[in-house]
Amino acid sequence: MANPFKPTAGATPPLLVGRNRVIEEFLESLDDGPGAPGLLELITGARGVGKTVMLTALGDSARERGWVVVDETARKGLMDRLAAEFTRQLSQLAGKERSRLTSLSLSTPLGGGSATLEHAPTPEPSWRQKARALTQWLAEHGTGLLLTIDEVHAIPREELRALSAEVQHLIREGAPIGLLMAGLPKAVEELLNDDITTFLRRAERIELGELTIDDVCEALKSTFDAGEKALSNDLAQECANATGGYPFMIQLVGYQVWKHSGDGPVTQPAVAAGTTAARLRLGNLVHAPALRDLSDVDRTMLVCMAKDDGPSQIADIAERMDRPVNYVSVYRNRLLAAGIIKTAGYGKVDFAAPYLREYLREHAAHLVME
């Protein structure tokens with residue numbers, strides 16, 4: 001059997017661990033229809049906790065119910081790409097009714113009629129008119145439209161305002177539309193501190209975090225058992241402990257242990273080799289790219305944090321950097337927004353991802369500013 005684990009960013013794992021409640025509540029909202037709370041959600045969490053995977057899982061659930069799902073990543077031109085996709089979807093769904101988009105371009109809200117001169121030249125329909133035409137067609141066929149936007153913290157502010165306003169209007173009209181967005185917690189919070197995005201602040205918040213070690217252990221064992229590769233309870237526990245409950249690390253550990261066990265059952269040497277390889281891969285795939293995007297001062301602050309075995313006091317970091325606390329606080333906020341660190345109580349911060357402390361200790365000489 002092929003290795004079932006998927007240690008690639010955003011790839012759907014063989015088993016979505018500990019997220020059943022989120023999916024079940026979303027399915028209930030699909031059943032409840034327009035205006036249901038689960039059709040407007042903000043999914044947040046640190047890097048590697050499975051935000052993209054969750055968006056994919058929820059989108060797949062909607063597709064299984066017959067909904068049209070448009071998956072996008074927040075970057076410049078988002079509104080134009082969505083509008084083009086609405087046109088493509090309606091053309092594909094309606095078949096011979098492709099002219100319907102033009103016919104509905106002057107239509108009233110969902111459930112109303114339209115007044116159109118079929119042969120008169122018409123202007124290009126607006127974003128809302130295209131979305132309304134598509135959602136009206138879908139409503140008539142008992143389904144709806146779901147938009148999933150990943151990395152919403154990176155969206156240009158003016159596009160977020162436009163998206164918020166347009167979706168709000170469609171919801172008020174009773175259109176069967178849902179909007180799911182995912183991003184880093186602190187960055188999303190800052191993005192939503194805008195009077196024009198008040199509507200999005202009313203979205204359901206889903207904060208994804210680490211999973212319980214018991215859930216991870218059970219998931220690893222069931223996945224190995226399904227692949228007819230024996231994994232004892234003790235070794236499953238050792239693998240689970242190595243993940244730290246971090247979803248992406250679950251895939252890395254599972255993949256590497258499976259690989260190192262060859263064609264036979266999983267042995268202790270295979271677990272030792274696999275977990276070591278997983279930690280190295282985590283450094284290369286997650287920690288190194290994240291650190292490259294930071295400034296010298298950001299990295300220096302992280303190296304100073306890594307001197308502690310647990311959460312760090314801002315005052316201690318300031319002393320190690322030989323800088324005032326208010327100076328360090330600026331970089332604290334930057335690192336929180338980037339999802340690299342998390343708050344750990346008053347005046348304290350800690351690393352958001354497992355093994356980042358160890359990675360920084362090993363590479364400190366190359367990361368601190370001169």
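Residue numbers for the sequence shown follow full-length UniProt numbering, so the first one is 1 and each next one is one higher.
Idealized CB from N, CA, C, for every residue including glycine.
Item                                                                                                                            : Value
Top-ranked residue by Cα proximity to aspartate 198, from Ser312, Val167 and Trp67                                              : Checking the displayed sequence, the identity of residue 198 turns out to be threonine instead of aspartate. Per the Cα distances, Val167.
Beta carbon of alanine 240 nearer than 7 Å to that of leucine 220                                                               : yes
Beta bridge counterpart(s) of arginine 205 as assigned by DSSP                                                                  : Leu42
Cβ separation of leucine 16 and valine 53, assumed to be a contact under 8 Å, to the nearest whole Å                            : 7 Å
Nearest candidate by alpha-carbon position, reference glutamate 204, set Lys186, Met181 and Leu211                              : Met181
Environment of aspartate 76 [buried if 16+ CB atoms lie within 10 Å]                                                            : Looking at the sequence shown, residue 76 is not aspartate but lysine. By the neighbour-count rule (16 or more Cβ atoms within 10 Å), lysine 76 is not buried but exposed.
Closest Cα partner of arginine 19 within the set His141, Gly245, Gly66 and Arg332                                               : Gly245
DSSP three-state assignment for phenylalanine 5, whether helix, strand or coil                                                  : coil
Inter-stretch contact (C-beta, 8 Å, three-pair minimum) for the region 281-300 and the region 260-273                           : no
Pair within 7 Å by beta-carbon distance, leucine 90 and serine 61                                                               : no
Opposing strand residues paired with alanine 182 [DSSP bridges]                                                                 : Ile43
Cut-off 8 Å between Cβ atoms - residues of its own chain near leucine 191, not counting five sequence neighbours on either side : Val152, His153, Ile155, Arg157, Leu160, Gly183 and Thr197
Isoleucine 213 - containing alpha helix (DSSP H), residue span                                                                  : 213-226
Unbroken stretches of the alpha helix (DSSP H), 4 residues or longer, contained in the region 283-365                           : 288-292, 296-305, 314-321 and 325-337
Between the CA atoms of glycine 227 and isoleucine 43 - distance to the nearest angstrom                                        : 31 Å
Contact check, glycine 38 vs glutamate 25, beta carbons under 7 Å                                                               : yes
Close beta carbons around leucine 282, own chain, < 7 Å, minus the five adjacent residues each side                             : Met249, Leu252 and Tyr355
Exposure of tyrosine 359, with buried meaning 16 or more beta-carbon neighbours within 10 Å                                     : buried
Assigned exposure category for valine 49 - 16 Cβ within 10 Å defines buried                                                     : buried
Coil, strand or helix - leucine 16 by DSSP                                                                                      : coil
For threonine 267, three-class secondary structure by DSSP                                                                      : coil
Buried or exposed by the 16-neighbour rule on C-beta atoms within 10 Å, applied to aspartate 298                                : buried
Per-residue burial, glycine 236 [other beta carbons within 10 Å of its own, 16 or more giving buried]                           : Rather than glycine, the amino acid found at residue 236 in this sequence is alanine. That one is buried.
Three-way DSSP call (helix, strand, coil) for leucine 110 in this model                                                         : Caution is warranted here: a pLDDT of 45 is assigned to leucine 110, below 50, making its placement in the model unreliable, and the coordinate value is therefore given only provisionally. Correct three-state label for leucine 110: coil.
Simplified DSSP assignment, three categories, for arginine 100                                                                  : Here the model assigns arginine 100 a pLDDT of 48, short of 50, so the residue's position is not dependable and the matter cannot be decided.
As assigned by DSSP and simplified to three states, the class of isoleucine 171                                                 : helix
Which of helix, strand or coil DSSP assigns to leucine 58                                                                       : helix
Which of helix, strand or coil DSSP assigns to glutamate 72                                                                     : strand
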